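Student: Following this message is one structure expressed as structure tokens.
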Amino acid sequence: MLTTMLATVSTKLSAQTPTPQKLPSAPTTNVVPKSTGGSQQPIAPSGAASNSTPAKPATGTDRPPTAKQQPLSTPTTKPAVATGSDRPAVEDVVSLVLKLKEKRVYVYRGDKVIRKYPVAIGKKGWETPVGEWQVMEKIKNPAWTSFKTGEVFSPGTKNPLGARWIGFWTDGKDVIGFHGTTNVKSIGTAASHGCVRMRNRDVKALFPLVKVGTTVKVVNE
């Protein structure tokens, strides 16, 4: 009789005990950020073509860059140095030297000049800043918006920034870089609002030679 009662109680308890539900597992899909390539608008470049007004800064008002601006970043610690076969040879390092008086940009691999291109530089009051900087942004087929009219220039033959944008200087408001132009006649003169204009074919050739972090030295020579 006791055995029968225990069996009955056990059966009832089993029937009343809810079956545990499986909790939904955490998602395992990695979130991939959207690509930043393609047609983009640089951060308010200051050096649009001469027939266009300077690009609107991200904040504040338009103002000419000065040579007193500090480089984009000042390292406080020495970078790690690769050793053995991982360390790139000195002669493989690419850097740019922009000579303002010559109105040319020189492409160096190590200490050897491998390319040089004629450019237009900043006009009086909007001088291209002298100093040592670094490439901080690269954009193919950039868009540009006029801050006076609000007109948006999509990538194409009428875009004042041309086919490529290589930004290398900012004070947090204005941005300066190498870019193409719709005003080829200005090449070889001081005509921009600080930016460095190049023929579209030249800036296209320069684009793959540099990367973010490439040194850009601007000298008054």
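Counting along the sequence shown from 1, when you hit position 76 you're at 76 in the working numbering, and nothing is skipped either side. All residues carry an ideal CB built from backbone N, CA and C; glycine is no exception. All figures in this text were calculated on a predicted structure; none of them were measured in a lab.
#1: Going by beta-carbon coordinates alone, are ALA163 and ASN183 separated by less than 8 Å?
#2: Alpha carbon to alpha carbon, how far is THR215 from LEU209? Give it in angstroms, no decimals.
#3: When you compare the segment 96 to 116 with the segment 150 to 160, are there three or more beta-carbon pairs, one atom per stretch, that lie closer than 8 Å?
#4: Contact defined as beta carbons within less than 8 Å: I believe LYS103 pairs with VAL119. What is the distance between those atoms, to the nearest angstrom?
#5: When DSSP builds the beta bridges, which residues end up paired with ILE176?
#6: Tell me ALA120's beta-bridge partners as DSSP assigns them.
#7: Can you tell me which of HIS179, SER186, ARG109, SER192 puts its alpha carbon nearest to the alpha carbon of ASP202?
#8: Exposed or buried, ASP92, counting other C-beta atoms within 10 Å across all chains shown (16 or more means buried)?
#9: Taking the beta carbon of THR149 as the centre, do at least 16 other beta carbons fall within 10 Å, making it buried, or is it exposed?
#10: Measure the alpha-carbon distance for PRO129 versus SER192 and round it to whole angstroms.
#11: Would you list the residues sitting across from LYS140 in a DSSP beta bridge?
#12: Within this structure, are the beta carbons of LYS101 and ASN220 separated by less than 8 Å?
#13: Is the beta carbon of VAL105 less than 8 Å from the beta carbon of LYS211?
#14: Could you name the residues that DSSP lists as bridge partners for ALA190?
Tutor: Working from what's here:
#1: Reading the sequence shown from its first residue, position 163 is the one you call residue 163. Reading the sequence shown from its first residue, position 183 is the one you call residue 183. A distance of 8 Å or more separates the beta carbons of ALA163 and ASN183.
#2: Working through the sequence shown from its first residue, we reach residue 209 at position 209. Working through the sequence shown from its first residue, we reach residue 215 at position 215. Straight across, the Cα-Cα distance linking LEU209 with THR215 is about 12 Å.
#3: Taking 8 Å as the limit for Cβ pairs, the verdict is that the segment 150 to 160 does not touch the segment 96 to 116.
#4: For the purposes of this step, residue 103 is taken as the residue at position 103 of the sequence shown. For the purposes of this step, residue 119 is taken as the residue at position 119 of the sequence shown. Rounded, the Cβ-Cβ distance is 6 Å, consistent with contact.
#5: For the purposes of this step, residue 176 is taken as the residue at position 176 of the sequence shown. Residue pairing of ILE176 in beta bridges, as defined by DSSP: TRP169.
#6: Taking the sequence shown and counting its residues from 1, the one referred to as residue 120 is at position 120. DSSP lists ARG197 as partners of ALA120.
#7: As a first step, residue 202 must be located in the sequence shown, where it is residue number 202. The residue among HIS179, SER186, ARG109, SER192 with its C-alpha nearest the C-alpha of ASP202 is HIS179.
#8: Here residue 92 refers to the residue found at position 92 of the sequence shown. Flag for ASP92 reads exposed.
#9: Taking the sequence shown and counting its residues from 1, one reaches residue 149 at position 149. Per the 10 Å Cβ criterion, exposed.
#10: Translated into the one-based positions of the sequence shown, residue 129 becomes position 129. Translated into the one-based positions of the sequence shown, residue 192 becomes position 192. Cα-Cα distance, rounded: 12 Å.
#11: Here residue 140 is taken as the residue at index 140 of the sequence shown, counted from 1. LYS140 is bridged by DSSP to ARG164.
#12: For this step, residue 101 is matched to residue 101 along the sequence shown. For this step, residue 220 is matched to residue 220 along the sequence shown. Going by C-beta atoms, LYS101 is nearer than 8 Å to ASN220.
#13: The sequence position of residue 105 within the sequence shown is 105, counting from 1. The sequence position of residue 211 within the sequence shown is 211, counting from 1. Contact flag unset, no.
#14: Translated into the one-based positions of the sequence shown, residue 190 becomes position 190. In the DSSP output, where bridge partners are listed per residue, ALA190 has ILE121.
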